[in-house]
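S.K.:
There are 2 protein chains.
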Amino acid sequence: MNKVFKALSDPTRRRVLQLLRERPMSAGELSDHFPVSKPTMSAHFAVLQQAGLIESQKSGRSIVYRLVMSVLEEALLGFAQTFGWGADSKRTSRVADGKAVKRPLKGEA
Amino acid sequence: MNKVFKALSDPTRRRVLQLLRERPMSAGELSDHFPVSKPTMSAHFAVLQQAGLIESQKSGRSIVYRLVMSVLEEALLGFAQTFGWGADSKRTSRVADGKAVKRPLKGEA
DNA sequence: ACAACGTTTAGATAATTAGCTAAATATAGA
DNA sequence: TCTATATTTAGCTAATTATCTAAACGTTGT
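Chains as they are written, first to last, in my numbering: chain A, 41 to 149; chain B, 41 to 149.
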């Protein structure tokens, strides 16, 4: 889930997801929408894929990416829920990241 | 809005927001929940504040931070909307970041 | 006025990130 | 098989980020 938020922290990647919402697209087709190099876009795709937000499938000499909605849903809605917008409005404050404070130490690590 | 997503990309900062959801807290009180130094926490607070996600108010020798829900709501819900979860399910793909591709150039900058 | 407390600023460092060009890989079609 | 096309990998750089310790700042209470 942290990977999802990291992936979403870049505007280019957010837009890729939005483009992919309409229909699956090849890497090249997606790249044509952005003023950056193909390799840079390729790196963005990798980040999105590692977060589970997109999936790839070879098709001839292209690679077609498609949006995986469920992952985006789970992350965003899951987080939103801890703020009372989803359901279960109380006693959920530390659930989202599954991290739950190690300990209240400050002068150790 | 990009600042909000950037702010949310760090797990510590997400947890700060969640803690602040329950009630306003001082910098020190918040810091006690994390295994990092006060200065580091102070930097996180600054990021959250610059994104508009929290607001501070002096109180004696403490500084009390409170969550600004509306900003979080606008960003998350605003983004979610472009994926069909909010309302207006179509023709909204390029609205979210107000960025709308410069041009399909790739070998220029 | 002074000492203690709570927080931030300064200054440094190591790790991560986004970007580039050039080269490698893989597939399609002639 | 050769050539063109599509995408990624390699290798680099500049900018940003998260973190630390030490020092400064501002407020409270004596």
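In this text, a Cβ means the ideal position worked out from N, Cα and C, and glycines have one as well.
Because the structure is a prediction, the values reported are computed rather than measured.
Just to confirm the assignment: which complete alpha helix (DSSP H) runs, minimum length 4, are found wholly within the region 101-128 of chain B?
M.R.: 109-121
S.K.: Could you check whether the region 43-57 of chain A touches the region 104-114 of chain B, counting it as contact only if at least three pairs of C-beta atoms, one from each stretch, sit closer than 8 Å?
M.R.: no
S.K.: Give me, in chain order, the residues of the same chain whose beta-carbon lies closer than 7 Å to that of A/Pro64; leave out the 5 immediate sequence neighbours on both sides.
M.R.: Taking the first sequence and counting its residues from 1, the one referred to as residue 64 of chain A is at position 24. So the list reads Val104, Tyr105, Arg106, once near-sequence residues are dropped.
S.K.: Measure the CB-CB distance between B/Leu57 and B/Leu70 and report whether it falls below 8 Å.
M.R.: As a first step, residue 57 of chain B is located in the second sequence; it is residue number 17 there, counting from the start. As a first step, residue 70 of chain B is located in the second sequence; it is residue number 30 there, counting from the start. It is not a contact, given that the beta carbons lie outside the stated cut-off.
S.K.: Quick test of your reading: A/Gln90 and A/Ser96, contact by CB under 8 Å. State the CB separation rounded to the nearest angstrom.
M.R.: For the purposes of this step, residue 90 of chain A is identified with residue 50 of the first sequence, where counting begins at 1. For the purposes of this step, residue 96 of chain A is identified with residue 56 of the first sequence, where counting begins at 1. A/Gln90 to A/Ser96, Cβ: 12 Å. No contact.
S.K.: From A/Lys117 to A/His73, what does the alpha carbon distance come to, in whole angstroms?
M.R.: The sequence position of residue 117 of chain A within the first sequence is 77, counting from 1. The sequence position of residue 73 of chain A within the first sequence is 33, counting from 1. Strictly speaking, residue 117 of chain A in this sequence is Leu, with Lys absent from that position. In a straight line, the C-alpha of A/Leu117 is about 28 Å away from that of A/His73.
S.K.: Chain A partners of B/Arg61, CB-CB under 8 Å?
M.R.: Here residue 61 of chain B is taken as the residue at index 21 of the second sequence, counted from 1. Within chain A, the residues Thr122, Phe123, Gly124, Ser133 have their CB atoms less than 8 Å from the CB of B/Arg61, given in chain order.
S.K.: What did DSSP end up calling A/Met81 once you bin it into helix, strand or coil?
M.R.: Working through the first sequence from its first residue, we reach residue 81 of chain A at position 41. If DSSP states are grouped into helix, strand and coil, A/Met81 belongs with the helices.
S.K.: Which term fits B/Ala83, buried or exposed, when burial requires 16 or more other beta carbons within 10 angstroms of its beta carbon?
M.R.: Working through the second sequence from its first residue, we reach residue 83 of chain B at position 43. With fewer than 16 other beta carbons inside 10 angstroms of its own, B/Ala83 counts as exposed.
S.K.: Apply the 10 Å Cβ neighbour rule to B/Ala115 and answer buried if 16 or more other Cβ atoms are within range, or exposed otherwise.
M.R.: The sequence position of residue 115 of chain B within the second sequence is 75, counting from 1. By the neighbour-count criterion, in which a residue is buried when 16 or more other Cβ atoms sit within 10 angstroms of its Cβ, B/Ala115 is buried.
S.K.: Nearest-angstrom Cα distance between A/Glu113 and A/Gly68?
M.R.: Here residue 113 of chain A is taken as the residue at index 73 of the first sequence, counted from 1. Here residue 68 of chain A is taken as the residue at index 28 of the first sequence, counted from 1. Whole-angstrom Cα-Cα distance: 26 Å.
S.K.: For B/Asp128, count neighbouring Cβ atoms within 10 angstroms of its own Cβ and tell me buried if that reaches 16, exposed if not.
M.R.: Here residue 128 of chain B is taken as the residue at index 88 of the second sequence, counted from 1. Model confidence at B/Asp128 stands at a pLDDT of 47, short of 50, so the residue's coordinates are unreliable; what they give is reported in the following sentence. Flag for B/Asp128 reads exposed.
S.K.: So what's A/Ser71 in DSSP terms, helix, strand or just coil?
M.R.: Within the first sequence, residue 71 of chain A is the residue found at index 31, counting from 1. Reduced to three states, the DSSP call for A/Ser71 is helix.
S.K.: Under 8 Å, Cβ to Cβ, is there at least one residue of chain B near A/Gln58?
M.R.: The sequence position of residue 58 of chain A within the first sequence is 18, counting from 1. Closer than 8 Å: yes.
S.K.: Throw me the rounded Cβ distance for the A/Phe123 and B/Arg61 pair, which I believe falls under 8 Å.
M.R.: Here the question's residue 123 of chain A lines up with position 83 in the first sequence. Here the question's residue 61 of chain B lines up with position 21 in the second sequence. Correct: roughly 6 Å between the Cβ atoms.
S.K.: Compute the distance between the beta-carbons of A/Ser77 and B/Ser49, then report whether it is under 8 Å.
M.R.: As a working note, residue 77 of chain A is residue 37 in the first sequence. As a working note, residue 49 of chain B is residue 9 in the second sequence. No; because the gap between Cβ atoms is not below 8 Å, this pair is not in contact.
S.K.: Between which residues of its own chain and B/Ser99 is the CB-CB distance below 8 Å, once the five residues before and five after are set aside?
M.R.: Taking the first residue of the second sequence as 1, we reach residue 99 of chain B at position 59. The residues are Ser66.
S.K.: Excluding five sequence neighbours on each side, which residues of the same chain lie with their C-beta closer than 8 Å to the C-beta of A/Phe85?
M.R.: In the first sequence, counting from the first residue as 1, residue 85 of chain A sits at position 45. Cβ neighbours of A/Phe85 beyond the five flanking positions: Val56, Ala67, Leu70, Ile94, Ser96, Tyr105.
S.K.: So which residues of chain B does A/Ser49 contact, with C-beta pairs closer than 8 Å?
M.R.: Translated into positions along the first sequence, residue 49 of chain A becomes position 9. Ordered by position in chain B, the residues that pass the 8 Å Cβ test against A/Ser49 are Phe45, Lys46, Leu48, Ser49.
S.K.: For B/Ala47, I'd like the list of residues in its chain whose CB is within less than 7 Å of its CB, leaving aside the five on either flank, ordered along the chain.
M.R.: Mapped onto the second sequence, residue 47 of chain B falls at position 7. Closer than 7 Å at Cβ, skipping near neighbours: Arg53, Val87, Leu88, Ala91, Leu93.
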